[in-house]
Structures are given as structure tokens and as C-alpha cells.
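So the protein sequences, as listed, match chains S and F.
Here the first sequence is numbered in the numbering used here, starting from 1 and rising by one per residue.
Here the second sequence is numbered in the numbering used here, starting from 289 and rising by one per residue.
Backbone N, C-alpha and C define an ideal beta-carbon position, used for all residues, glycine too.
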Amino acid sequence: MRCTYRFSEGPGGAALPGCRRASARRAGRKPGGRLKAWPHMLPLTFLLAGFACAQYQAPRTADGKPDLQGIWEPRNAAAFDVSEIAEGHEIPYLPAALEREQKADRVDPIAHCGMPGVPRISYMPFPFQIVQRPGVVVFLYEYLHNERIISTNPRPHLDGIDFYLGDSVAHWEGDTLVIDVTDLGDKTWLDSARHTHSDALHVVERYTRTGPNTITYEATIDDPKTYSHAWKIKMPLHRNNEPGFELREQECTEGDDGRAIHPLYRPAANGDPLEFVRTYPSGKGGAQ
Amino acid sequence: MRIGWLVCILASVPAFAQNPSLEGYWQPRTSGAAYSILPHPGGFFLGAESKTGIVEGGDLPYQPWAAAKVKELTQHMELDPTGHCHYEGIPHAMYFGFQIYVTPQYVFMMHENMHAWRIIYMSGSHPKDYSAWMGDSRGRWDGKTLVVDVADLNDKSVFDMAGHFHSGAMHVVERFTPVDADAVNYEATIDDPKVFTRPWKMSFPLYRRLEKNAQFLEFKCVPFSEELVYGHLRKQAGK
Chain S
1 MRCTYRFSEG
11 PGGAALPGCR
21 RASARRAGRK
31 PGGRLKAWPH
41 MLPLTFLLAG
51 FACAQYQAPR
61 TADGKPDLQG
71 IWEPRNAAAF
81 DVSEIAEGHE
91 IPYLPAALER
101 EQKADRVDPI
111 AHCGMPGVPR
121 ISYMPFPFQI
131 VQRPGVVVFL
141 YEYLHNERII
151 STNPRPHLDG
161 IDFYLGDSVA
171 HWEGDTLVID
181 VTDLGDKTWL
191 DSARHTHSDA
201 LHVVERYTRT
211 GPNTITYEAT
221 IDDPKTYSHA
231 WKIKMPLHRN
241 NEPGFELREQ
251 ECTEGDDGRA
261 IHPLYRPAAN
271 GDPLEFVRTY
281 PSGKGGAQ
Chain F
289 MRIGWLVCIL
299 ASVPAFAQNP
309 SLEGYWQPRT
319 SGAAYSILPH
329 PGGFFLGAES
339 KTGIVEGGDL
349 PYQPWAAAKV
359 KELTQHMELD
369 PTGHCHYEGI
379 PHAMYFGFQI
389 YVTPQYVFMM
399 HENMHAWRII
409 YMSGSHPKDY
419 SAWMGDSRGR
429 WDGKTLVVDV
439 ADLNDKSVFD
449 MAGHFHSGAM
459 HVVERFTPVD
469 ADAVNYEATI
479 DDPKVFTRPW
489 KMSFPLYRRL
499 EKNAQFLEFK
509 CVPFSEELVY
519 GHLRKQAGK
């Protein structure tokens, strides 16, 4: 089974050993490699630990909050298989939920140019820009020009309504931006590998600046109708530092062959189905 | 180089300080422009009132071939790309409510409709060999007026559902001029020498949304539009 990223149809079934192996390979975990390598890595490990202890102080916005602004991109293949960034690489499915999944529609909703939902939008392999104003954090995603305008002043979630990107309410916990997302509906998938959820999905996202060019993204995914317990994903977001890099319009139209068409991107020359190359001239693009 | 940056920053600070009034939620009053930018009678889903449209002078300076094409397109409302969940483009997207954030480097405009957003860069120039529904926007301050130069627009967007169209050579200059604390005049000059005989202008007011809980929510275009455009096919297939 190949873990290709097809906008048209995800590989069937929820248990995807082939995909999981591919993800692990991508993340650099080679079987047996870890034991052999670690004594040589020891000094480096202490050095890194020392850096980690001296906690990074993020620059501040005018109103004194950590500055998350800029163009960021995930550099992983989680949009194809979210277990790559899941804690323990396992998703704690309830048996009934697995059964529901087997019977469900087999076409990835984003093949119809649907919005990818939260948390998937955060690890779609496309850049996004964070904008901060007092009391507000805005996410402008290049992918399908999705946008989230999120108040950091507490308010109750909206009731009796659902959105692809949910209803987001944020607050700051120390230097971490915490976004509580509900009202997500059951129409979105977590990845192309058909990991799904119900309308009881509740996501808590956490964004922490960990360096000049990195944000650590964590999310807790809870859905008592689908998972036996809440589980976590974690990944770094990287700043796009290409000179003159700007977000562009990323449209999606349904092609005649049932695959979504993204005019600004084409597959990479090396044939890797997980890589895209931007077709407009300014920059190679961040989707890798 | 460093002095250049300094000049840039110093030049933008006073303009920025003068213009916080553009920030907020804005609701355009477009006199039925989404249906037709020209004067038109009311109708079933347009409301009962006849509308004046938004074109200055009430007429469009089409070249003869283009005037003939509009007559044909008017009969085919289903071709309207917005019915297929495409971006409206500029100026079409401006007929619907949106939110503005102003920073020295960028002006951000976020629309609920089609979840369209636009970044207006206050520096740099239009990219070459680029074409998009929303084009590429470069802004500058002219006193309190935000002037936005929009190029790289594609030839697929339209002005309304009544068939008013343009080519990929269209160039739009928008002017956002605060009238008072809660109103902005929006004016767009449309230049498209392939379709029109001269540049022409449209304008309409933007009113500030004063509700305390003003917030744009999500526009679910695909499910809505699939039913609108293809719903009749689904029902027939079920027979």
C-alpha cells in the first residue's frame, strides 16, 4: 500500500500499516538506528538540553504578547497520515468508530475542494500567515484561502451551529496561545488516510514560539464518540525565510478525473507524491 | 540601505497613525451591485426595490463587440463563477461585508463571503507572470485615503450576475476614503483597454458595523452551491 497524497481518494480503511511505516521513515526513525547512534550523540544531547533549559524569550507585540506573526509552514506529511505527528503514532479508536469509518464515504472531502477543518488546516503542506492585533489573532492560510479570525478575549462558544473550521476562542497561557475549537461538525477528515471524527470533536491547539524561526504546535484531540481518550499531536512550524516570499492565491477546482486541481502547484520533478512545487516565479514554495 | 529602511518606517508611521479609522467591520451598501452594477428593476430574489447600481454615470463604455457579448451573457446567469464557489475577484468581492486590519507593512482585508482574504502589501511591486481571481494588491496612503493598485487579475471574474465582464488586462485602482468615524467611501477606477473605450468608475459607501458582537462567521460555499447548481440533477437521479 502506498501512502500517496491523493486529493481524490484516500487509501481505504483506517488501519494503514504501510502509511505508518512511510511516515516513520519520513520522520527519520530508522529501525535499529537509534541504539547504535546514541553514544556519539551524548555530548550534543547535553548541549541541546542546555539550550532548552535557557527558555527562549519570544519578541513581543505592542500589547506585550509573544509575537507569532509571520509566514509559517509545517514540513511533514501529516495531512496524508496524521499518525506521523500523533503521540505514540497511534490513534485510540473505539471499535464502534472504526466500524463506522469502514462504512462511511470513501472520498476525502478535500477532493471536492471542501475546507479541511481543524486541526488538519494546521498541517496542510502549505504556508500560512499569522497576524496579531490587540485582542485578535488572525490566521490566513494559503490553502484554499481559508481564514480564521480569533478573539483572544474569552466568550462562550456559539451554540447549535457547525463550521468546517469550527468556532475558535483563544486565550494566552503564559507565552502560549491556546485556541479552543468546537462546533466542527463531522464532515471533515483528519488526513487523507481516512482518519475521521464525529461532531463531538473538541480540539485545543497550543502555539508556542520556541525560537526565531520556530513555533511548536500541539493539539489535544478529544471526541468521546470516536476515541477512547483524548490524544495529542505535536509538530514544529517553520518560518518561511525566503526573501520576498508572499502568500499567493491558492484556488481549488474539481477536475474532470475527480481530483482537485490546485493551479499554483504541480508535482515535484522527482515524482515524490508528497512534494509540490509552486508554479509562480517568486520562490520554490514551502510545500515540501 | 539602512537609511532607506529608516525613511520607509518614518514615512509610514504618520500615515499609519492617521488611519486607524479604517480598522473594523464594514458593510457595503451597493444598491444591488451583486446582481447588476447598472440600474435595474427589483425582482424575486433581489428585493422589491429597483436599484441604481454603482457605476458613475449609470452606463458602461463597452467596445461594440463587448456590448454584444454582454447581451448574450445576461441570458446565462448560471455562468456566474461565484455560483461555483470561485473568488469574486476585485472589485466584485468588495460588495460584501469584510473586516480590515491596518499595519505599517500590510493592510489585511478579510471577507466572510467565499472566505476570501486579501493582503495589501504597502511595499514591493506586482509579481510578473501571475494571474489570480483577487489579483495582486499594492497600497499606499494618500493623506487619509488608502489607495490600492490591483493588477494580475484573471479574465474569469465578472462584475456581477448580469454579464458585465472584463479581460485579463484589467487594472483597478481603489480608493478607501474615510468620510466620518463610521463611514468610508469606496471608489474603484476600472481600466481595461481590451473591453472598454475608456476607464470608468464605480463607488459606494462602506458603513461600520456597530454591533458589539460583530463577527464574521464561516461561508459554507461548497455545500450551498452544490445544491444550488447541481441539486436538480441529484433529485432526477433519485427517481
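(message) Using only CA atoms, which one of F:M490, F:V483 and F:C509 lies nearest to Q351 (chain F)?
(response) The residue labelled residue 351 (chain F) in the question sits at position 63 within the second sequence. Closest option to Q351 (chain F), Cα to Cα, is F:V483.
(request) Taking only beta carbons into account, state which residues of the stretch 58-71 of chain S come closer than 8 Å to chain F, listed in chain order. (result) none
(request) Could you work out which residue in S:A111, S:V137 and S:N146 is closest to F126 (chain S) when comparing CA atoms only? (result) Locating residue 126 (chain S) in the first sequence gives position 126, where the first residue counts as 1. Out of S:A111, S:V137 and S:N146, S:N146 has the C-alpha closest to the C-alpha of F126 (chain S).
(request) Report all residues from its chain with a CB closer than 7 Å to the CB of D191 (chain S); omit the five preceding and five following residues, and keep chain order. (result) Stepping through the first sequence from its first residue, residue 191 (chain S) is reached at position 191. Taken in chain order, the residues that qualify are A78, A79, F80, D81, V82 and R120.
(request) For R26 (chain S), I'd like the list of residues in its chain whose CB is within less than 6 Å of its CB, leaving aside the five on either flank, ordered along the chain. (result) Within the first sequence, numbered from 1, the residue matching residue 26 (chain S) stands at position 26. Residue confidence is low: R26 (chain S) scores 44 on pLDDT, short of 50, so the model does not pin down where it sits. No coordinate-derived value is stated.
(request) With 7 Å as the C-beta to C-beta threshold (strictly closer), list the residues of the stretch 396-408 of chain F near chain S in chain order. (result) F396, M398, H403, A404, W405 and I407
(request) Compute the distance between the beta-carbons of V446 (chain F) and I378 (chain F), then report whether it is under 7 Å. (result) Translated into the one-based positions of the second sequence, residue 446 (chain F) becomes position 158. Translated into the one-based positions of the second sequence, residue 378 (chain F) becomes position 90. Contact flag unset, no.
(request) Go through its chain and collect everything with a Cβ distance to A230 (chain S)'s Cβ below 6 Å, but skip five positions before and after it. (result) The residue you call residue 230 (chain S) lines up with position 230 of the first sequence. Within the same chain, A230 (chain S) has close Cβ partners T220 and D222.
(request) Alpha carbon to alpha carbon, how far is T214 (chain S) from L140 (chain S)? Give it in angstroms, no decimals. (result) Within the first sequence, numbered from 1, the residue matching residue 140 (chain S) stands at position 140. Within the first sequence, numbered from 1, the residue matching residue 214 (chain S) stands at position 214. C-alpha separation (whole angstroms): 18 Å.
(request) Can you say whether P109 (chain S) is buried or exposed, counting buried as having 16 or more other CB atoms within 10 angstroms of its CB? (result) The residue labelled residue 109 (chain S) in the question sits at position 109 within the first sequence. P109 (chain S) comes out buried.
(message) When you compare the CB of A322 (chain F) with every CB in chain S, is at least one pair closer than 7 Å?
(response) Position 34 of the second sequence, counted from the start, is the residue given in the question as residue 322 (chain F). No, A322 (chain F) lies away from the interface with chain S (no Cβ there is under 7 Å from its Cβ).
(message) Please identify the residue among S:A62, S:D63, S:L68 and S:E73 whose C-alpha is closest to the C-alpha of P236 (chain S).
(response) Locating residue 236 (chain S) in the first sequence gives position 236, where the first residue counts as 1. Nearest option by C-alpha distance: S:E73.
(request) Please classify E376 (chain F): does DSSP put it in a helix, a strand, or coil? (result) Here residue 376 (chain F) is taken as the residue at index 88 of the second sequence, counted from 1. DSSP places E376 (chain F) in coil when its eight states are reduced to three.
(request) Specify the secondary structure class of R148 (chain S) as computed by DSSP and reduced to three states. (result) What you label residue 148 (chain S) is simply residue 148 of the first sequence in a count that begins at 1. It is a strand residue.
(message) I'd like to check one pair, H414 (chain F) with D430 (chain F): are the Cβ atoms closer than 7 Å?
(response) As a first step, residue 430 (chain F) must be located in the second sequence, where it is residue number 142. As a first step, residue 414 (chain F) must be located in the second sequence, where it is residue number 126. No, Cβ-Cβ distance for D430 (chain F) and H414 (chain F) is not below 7 Å.
(request) Return yes when the Cβ of G427 (chain F) is within less than 7 Å of the Cβ of V438 (chain F), no when it is not. (result) Against the second sequence, residue 438 (chain F) aligns to sequence position 150. Against the second sequence, residue 427 (chain F) aligns to sequence position 139. Not in contact: V438 (chain F) and G427 (chain F) (Cβ atoms no closer than 7 Å).
(request) Just the C-alpha distance for D468 (chain F) and S319 (chain F), rounded to the nearest angstrom, thanks. (result) Within the second sequence, the letter at position 180 stands for residue 468 (chain F). Within the second sequence, the letter at position 31 stands for residue 319 (chain F). So the two alpha carbons sit approximately 21 Å from each other.
(message) Does the CB of E462 (chain F) have a neighbour CB from chain S at under 7 Å?
(response) Taking the first residue of the second sequence as position 1, residue 462 (chain F) is located at position 174. With 7 Å as the cut-off, E462 (chain F) does not count as an interface residue toward chain S.
(message) Which of the three DSSP states is assigned to C435 (chain F) in this structure?
(response) Here the question's residue 435 (chain F) lines up with position 147 in the second sequence. The question names Cys, yet the displayed sequence has Val at residue 435 (chain F). V435 (chain F): strand per DSSP, three-state reduction.
(request) Would you tell me roughly how many angstroms separate the C-alpha atoms of E406 (chain F) and A321 (chain F), rounded to the nearest one? (result) Numbered from 1 along the second sequence, position 118 holds the residue referred to as residue 406 (chain F). Numbered from 1 along the second sequence, position 33 holds the residue referred to as residue 321 (chain F). Checking the sequence, you will find Arg at residue 406 (chain F) rather than Glu. So the two alpha carbons sit approximately 20 Å from each other.
(request) Would you verify that the beta carbon of A420 (chain F) is, or is not, closer than 7 Å to some beta carbon of chain S? (result) By one-based count along the second sequence, residue 420 (chain F) stands at place 132. Taking Cβ atoms only, chain S reaches closer than 7 Å to A420 (chain F), which makes this a yes.
(request) Flag H389 (chain F) as yes if its beta-carbon sits less than 7 Å from any beta-carbon of chain S, otherwise no. (result) Numbered from its first residue, the second sequence carries residue 389 (chain F) at position 101. For the sequence presented, residue 389 (chain F) should be read as Tyr rather than His. Taking Cβ atoms only, chain S reaches closer than 7 Å to Y389 (chain F), which makes this a yes.
(message) For a contact defined as C-beta to C-beta under 7 Å, what are the partners of N240 (chain S) on chain F?
(response) Position 240 of the first sequence, counting from 1, holds the residue named residue 240 (chain S). Residues of chain F passing the Cβ test: none, with the nearest at roughly 14 Å.
(message) In the DSSP assignment, the alpha helix (DSSP H) including S122 (chain S) goes from what residue to what residue?
(response) Here residue 122 (chain S) refers to the residue found at position 122 of the first sequence. Segment R120 to Y123, the alpha helix (DSSP H) holding S122 (chain S).
(request) Find the residues of chain S that neighbour L269 (chain F), judging by a C-beta separation of less than 9 Å, and give them in chain order. (result) The requested residue 269 (chain F) does not occur in the structure, where chain F is confined to residues 289 to 527.
(request) Please state whether DSSP places Y164 (chain S) in a helix, a strand or coil. (result) Against the first sequence, residue 164 (chain S) aligns to sequence position 164. It is coil, neither helix nor strand.
(request) Measure the CB-CB distance between L201 (chain S) and Q129 (chain S) and report whether it falls below 7 Å. (result) In the first sequence, the residue the question calls residue 201 (chain S) occupies position 201. In the first sequence, the residue the question calls residue 129 (chain S) occupies position 129. No.
(message) Taking a contact to mean a Cβ-Cβ separation below 7 Å, would you say Y207 (chain S) touches L177 (chain S) in this structure?
(response) As a first step, residue 207 (chain S) must be located in the first sequence, where it is residue number 207. As a first step, residue 177 (chain S) must be located in the first sequence, where it is residue number 177. Yes, the Cβ-Cβ distance between Y207 (chain S) and L177 (chain S) is below 7 Å.
(message) Within the continuous beta strand (DSSP E) that includes Q387 (chain F), where are the two ends?
(response) As a working mapping, residue 387 (chain F) is identified with position 99 in the second sequence. It spans F386 to V390 - the beta strand (DSSP E) in which Q387 (chain F) sits, taken as one unbroken run.
(request) Anything in chain S within Cβ reach of K500 (chain F), meaning under 8 Å, just list it in chain order. (result) For this step, residue 500 (chain F) is matched to residue 212 along the second sequence. Going along chain S, no residue has its Cβ under 8 Å from K500 (chain F), so there is no contact; the nearest lies around 11 Å.
(message) Can you confirm whether I149 (chain S), when its beta carbon is compared against all beta carbons of chain F, has any partner nearer than 7 Å?
(response) To locate residue 149 (chain S), count along the first sequence from 1; it is residue 149. Answer yes: the Cβ-Cβ gap between I149 (chain S) and chain F drops below 7 Å somewhere.
(message) With a threshold of 7 Å between beta-carbons, can L184 (chain S) be considered close to chain F, or not?
(response) Taking the first residue of the first sequence as position 1, residue 184 (chain S) is located at position 184. Not an interface residue.
(message) Following a CB-centred definition, is A79 (chain S) positioned closer than 6 Å to any heavy atom of the ligand NAD?
(response) Ligands are entirely absent from the displayed structure, and the ligand NAD is therefore not among its contents.
(message) Using a Cβ distance threshold of 8 Å, determine whether the stretch 379-389 of chain F contacts the stretch 476-496 of chain F, with at least three qualifying pairs required.
(response) yes
(request) May I ask you to verify whether the stretch 446-455 of chain F touches the stretch 363-376 of chain F, counting CB pairs closer than 8 Å and requiring at least 3? (result) yes
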